[in-house]
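Residue numbers (my numbering), protein chains in the order written: chain P, -1 to 252; chain F, 247 to 643. Glycine included, every Cβ here is placed at the ideal spot set by N, Cα and C. Written below as C-alpha cells is the structure these notes are about.
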Amino acid sequence: MKKPLLIVYICAGDPTPEATPDLVRRLARAGADIIELGLPHSDPVADGPTIQAAAQRAIAAGMNTDIYFKAAAEADVDIPKVFMGYYNMIYARGLERFVRDCASSGITGMIVPDLPPEEAGPLQEASRSAGVDLIFLAAPNTPQERLEMIRAQTSGFLYLVARAGVTGARSDILQGTRDFIARVPQGVPRAVGFGISTPKQAAEVIRAGADAAIVGSACVDLIARGEIEQLMQLVREMKEAITEAEKDKNPIVC
Amino acid sequence: MISQTYDADDTKFGRYGGRFVPEILMPPVMEVAEAYERLRTSQDFRADLDGLLKSFAGRPTPLYHARNLSRKLGRQIYLKREDLVHGGAHKLNNTLGQALVAKRMGKTRLIAETGAGQHGVATAIVGANLGFDVQVYMGEVDIKRQKMNVYRMELMGAEVIPVRSGSRTLKDAINEAFRDWAATFDHTYYLFGTAAGPHPYPAMVRDFQSVIGREAKEQIREADGQLPESIAACVGGGSNAMGIFAPFLKDDVRLIAVEAGGRGRGRTERTADNGASLGCGTDGVLHGALTRILQDPFGQILESYSLAAGLDYPGVGPELAYLTEKGRVIPRMADDKTALRGFRELSSLEGIIPALESAHAVGYALQNPEELGEMAIINISGRGDKDLQTVMEYENL
C-alpha cells in the first residue's frame, strides 16, 4: 500500500448495527486507507470514556459478534478492514471459529489490546493458518528488548500507543511520542494511535517517522453527535494533512 | 536487570491466570512482580510486615471454639476471627503487605478498587499510617450502598472517586483503576484487593493472606491436637478463602468455597442472579487473568448479584478456578436467604455479628452440617457492622 496511511477506527454497531456498513463505505470514499472495526465489549479496559460510551451504545443497540461479522461482510470496500477488540470476545467464540469468521467477512487483521505476545500463541497459530494478521501493540514505556520481541511477533503492522493512558482525544503530541517512534526498529510499518484527533497531530506523527496515523475517539465523538458530514470532512482533511507531511519527511535540500 | 519478556507458564495455575493486560500496563505489572519476588524472601521486609501485623493489625487473631454453634450442629466448630483485624476484616493483611512493597518500590501514591468498601478502607488505613496519597475507585451504586465506609475512607485522608462507567459497581471500579494506572505508573502503585488480576497479584495476595491459615493451623493443633476435617470460607474474588486454604492444600482437609448464590442460578440478558463464578461460570478472561467468569455466550461480562457487596463480582481468582477444577476445592453456593440465616444465627448464638460475606459460609454450614465432618473451621472474614443497614432494608421489603 502507498504510504502514509490513514487508519480510521469506528465502533461497530454505534449508533446502530444497520448503520455500520454504510459508514465504512463512506469512510473509505473519504480517504481512509484501513478501517479498524471495533467489536464492543462490556469491559474495555484500554479505552477512555469516548469509546467506552460508544461500546455501551452499540451493545444496547443489539450488537453482538454474529451481527458484527455480518456487518463487516456487508461493508464491501476495497481497503483492508481490521478487527479491534478484547480477547474474551475471541475466546468465547473459539479462536479458530473467530479467525475463520474474520477471513470470510473480509477482515485481514486483528488488534487485541489485552493480548500480549506471551499469551498469544494459540491465536497466532489460528490466525496464521487463516491468513489473518495478528497485530501487536507497543507502548512508550515498553523497554527496548521487549520492543524487539513485539516487533518480531507482530504481523501486518506494529501499533504504537502514542502515550501513556487510554484511548481518547488529546490536544498535543508529546516529544516522548517522537522519541518513541524513533526508537522502533525498522522493518515493519509503524502505525501510531491514541490521542490523535486533528489533521495537525496526524501530520506530526507522520513527520516524526510513522507510516500510518490512527484516529479513533475523534471519529467516534462525531458519530455520537450524529455529525457524519463533519466526520467525512475530518477524514478528508487528515488524509490531505498526512500526504503533505510525507512530502516534508524527505525534503529536497538545495 | 529486570527481564523484559517472560514464560507465560510461570504466571499460571494450570491453564488459569496469566497476564492479559494492555502493553502499557505490562512494564508496571512486571515491575511489581520483580519487586515482590525480591522482597518475599527478604528478612528485613518480613520483619517490618510481621511487626505491623502484630502491633497495628492486632494479629494473631483468635481461633474461637464456638460452643453454642458446636452444640447446635452436633460437631466441633471453630471460628477464625478475621473480623477482629483492625478495620474489621481480613483485608488489612494484604494492604499492609502490598503497601510495604510499594514503599520499597519508591511509589508515593496508592490506587485501589473497592466494592463493599472494606478493601478501600484497608487501603486508606495503610495510606494514612505509612504515608501515601490514596485514591479509591468505587462504583456509584456501591457508594450509595456503603455510605459509612465512604466516610471512613475520607476521614483517613483517602479520596473516593465515583465510577460511572459500565454497571457502576466493583468490576467497573477495577477497570477504572487500571485506566488510572496506565497513565500514572511512574509514581503510583495499584493495590489490588483480591487474589485475582494479572500475575503476580493472585499469588502475592494469597501469600499475604496466608497468615490466616498459618495461624489457624497452629491454633487448631494446640486446641484439638489434630487438623480439622474441613474448612469453609466465602468466595468473591477469593482472598480470604485462599488465605485460609493455602497452608492446608497438602493436608487431608476438605476445603469448601462458599460462593454467593444470590437469587439463584439463573440470569437475565445482562445480569446473573448470583456471584458464583466457580459454580455457574465458564472459562474466560477478566481483569488480566484467564479464570472462571460470568458471561453471556458472546463473551460480554455479566453483572453479578449478591446481597453481600464483597461477593458481588463476576470473576474469581485463577488459583481457585484451578483448585476447583482439580477437585481440591469444593465449590458450593449459599443464597441471600441462607446468608441471612447465618448472619442472624451467629449473632444470637455466639454474640458475633459476621459480615454478610462471611455469613455465607456460616449459613452454608448451618444448612449442611454433615458436610463439615466432625471438626471444622469457618473463616469469619469480617465483622457485620457495615451490613446492618443492608439487612434492615432487606427485611423491611
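Beta carbon of residue i nearer than 8 Å to that of residue j
i: residue 328 (chain F); j: residue 628 (chain F); result: yes
i: residue 354 (chain F); j: residue 445 (chain F); result: no
i: residue 5 (chain P); j: residue 212 (chain P); result: yes
i: residue 216 (chain P); j: residue 167 (chain P); result: yes
i: residue 182 (chain P); j: residue 124 (chain P); result: no
i: residue 93 (chain P); j: residue 121 (chain P); result: yes
i: residue 138 (chain P); j: residue 162 (chain P); result: yes
i: residue 268 (chain F); j: residue 111 (chain P); result: yes
i: residue 463 (chain F); j: residue 491 (chain F); result: no
i: residue 441 (chain F); j: residue 485 (chain F); result: yes
i: residue 650 (chain F); j: residue 314 (chain F); result: Residue 650 (chain F) lies beyond the range of chain F shown here (247 to 643); nothing can be said about it.
i: residue 80 (chain P); j: residue 107 (chain P); result: yes
i: residue 237 (chain P); j: residue 205 (chain P); result: no
i: residue 508 (chain F); j: residue 552 (chain F); result: yes
i: residue 342 (chain F); j: residue 285 (chain F); result: no
i: residue 116 (chain P); j: residue 251 (chain F); result: yes
i: residue 209 (chain P); j: residue 189 (chain P); result: yes
Inter-residue CB distance, residue i and residue j (contact presumed, cutoff 8 Å)
i: residue 263 (chain F); j: residue 577 (chain F); result: Going by Cβ atoms, the distance from residue 263 (chain F) to residue 577 (chain F) rounds to 18 Å, so no, they are not a contact pair.
i: residue 626 (chain F); j: residue 598 (chain F); result: 7 Å
i: residue 158 (chain P); j: residue 178 (chain P); result: 6 Å
i: residue 49 (chain P); j: residue 175 (chain P); result: That belief does not hold up - the Cβ atoms of residue 49 (chain P) and residue 175 (chain P) are roughly 20 Å apart, past 8 Å.
i: residue 574 (chain F); j: residue 501 (chain F); result: 7 Å
CA nearest to the CA of residue i, picked from the options
i: residue 535 (chain F); options: F:420, F:492 and F:602; result: F:420
i: residue 312 (chain F); options: F:339, F:621, F:343 and F:253; result: F:621
i: residue 686 (chain F); options: F:489, F:304, F:291 and F:438; result: Past the boundaries of the shown model lies residue 686 (chain F); chain F is included only from 247 to 643, so the question cannot be answered.
i: residue 331 (chain F); options: F:405, F:340 and F:350; result: F:340
i: residue 62 (chain P); options: P:87, P:210, P:145 and P:7; result: P:87
i: residue 285 (chain P); options: F:526, F:253 and F:604; result: Limits of chain P in this structure are -1 at one end and 252 at the other, which puts residue 285 (chain P) out of reach.
i: residue 617 (chain F); options: F:374, F:392, F:503 and F:293; result: F:503
i: residue 373 (chain F); options: F:550, F:400, F:393 and F:394; result: F:400
i: residue 334 (chain F); options: F:279, F:640, F:639 and F:632; result: F:632
i: residue 191 (chain P); options: P:19, P:44, P:24 and P:16; result: P:44
i: residue 556 (chain F); options: F:417, F:371 and F:292; result: F:417
i: residue 369 (chain F); options: F:352, F:344 and F:393; result: F:344
i: residue 99 (chain P); options: P:67, P:85 and P:31; result: P:67
i: residue 338 (chain F); options: F:371, F:350 and F:363; result: F:371
i: residue 326 (chain F); options: F:607, F:310 and F:613; result: F:310
i: residue 561 (chain F); options: F:520, F:581 and F:588; result: F:520
i: residue 351 (chain F); options: F:291, F:448, F:324 and F:415; result: F:291
i: residue 394 (chain F); options: F:367, F:460 and F:559; result: F:367
i: residue 29 (chain P); options: P:239, P:245 and P:147; result: P:239
i: residue 489 (chain F); options: F:478, F:452 and F:641; result: F:452
i: residue 297 (chain F); options: F:447, F:363, F:346 and F:481; result: F:346
Three-way DSSP call (helix, strand, coil) for residue i in this model
i: residue 402 (chain F); result: coil
i: residue 445 (chain F); result: coil
i: residue 89 (chain P); result: helix
i: residue 3 (chain P); result: strand
i: residue 625 (chain F); result: strand
i: residue 234 (chain P); result: helix
i: residue 523 (chain F); result: helix
i: residue 321 (chain F); result: coil
i: residue 594 (chain F); result: helix
i: residue 10 (chain P); result: coil
i: residue 18 (chain P); result: helix
i: residue 156 (chain P); result: strand
i: residue 476 (chain F); result: strand
i: residue 114 (chain P); result: coil
i: residue 410 (chain F); result: coil
i: residue 178 (chain P); result: helix
i: residue 213 (chain P); result: strand
i: residue 244 (chain P); result: helix
i: residue 136 (chain P); result: strand
i: residue 541 (chain F); result: strand
i: residue 247 (chain F); result: Low confidence applies here, because residue 247 (chain F) scores a pLDDT of 49, under 50, leaving its location unreliable and the question unanswered by this model.
i: residue 243 (chain F); result: With chain F covering only 247 through 643, there is no way to say anything about residue 243 (chain F).
i: residue 216 (chain F); result: The question about residue 216 (chain F) has no answer here: the residues shown for chain F are numbered 247 through 643.
i: residue 615 (chain F); result: helix
i: residue 571 (chain F); result: helix
Touching by the beta-carbon criterion (3+ pairs, under 8 Å), the stretch 36 to 53 of chain P and the stretch 538 to 552 of chain F: Result yes; three or more Cβ-Cβ pairs closer than 8 Å.
Given 8 Å, three or more beta-carbon pairs between the stretch 43 to 60 of chain P and the stretch 6 to 17 of chain P: Counting Cβ pairs under 8 Å, three or more are found: they touch.
Cβ pair count under 8 Å reaching 3, the stretch 101 to 116 of chain P against the stretch 68 to 88 of chain P: Yes: the two stretches touch, three or more of their Cβ pairs being nearer than 8 Å.
Contact between the stretch 268 to 283 of chain F and the stretch 298 to 312 of chain F (3+ Cβ pairs under 8 Å): With the cut-off at 8 Å, the stretch 268 to 283 of chain F and the stretch 298 to 312 of chain F do not touch.
Meets three-Cβ-pair contact criterion under 8 Å: the stretch 385 to 395 of chain F and the stretch 408 to 418 of chain F: Cβ pair count under 8 Å is three or more, so yes.
Contact the stretch 522 to 537 of chain F vs the stretch 565 to 572 of chain F: 3+ CB pairs below 8 Å: Yes, since at least three Cβ pairs between the stretch 522 to 537 of chain F and the stretch 565 to 572 of chain F fall closer than 8 Å, the two stretches touch.
Members of the stretch 140 to 151 of chain P near chain C, C-beta cut-off 7 Å: Chain labels in this structure do not include chain C; the protein chains are P and F.
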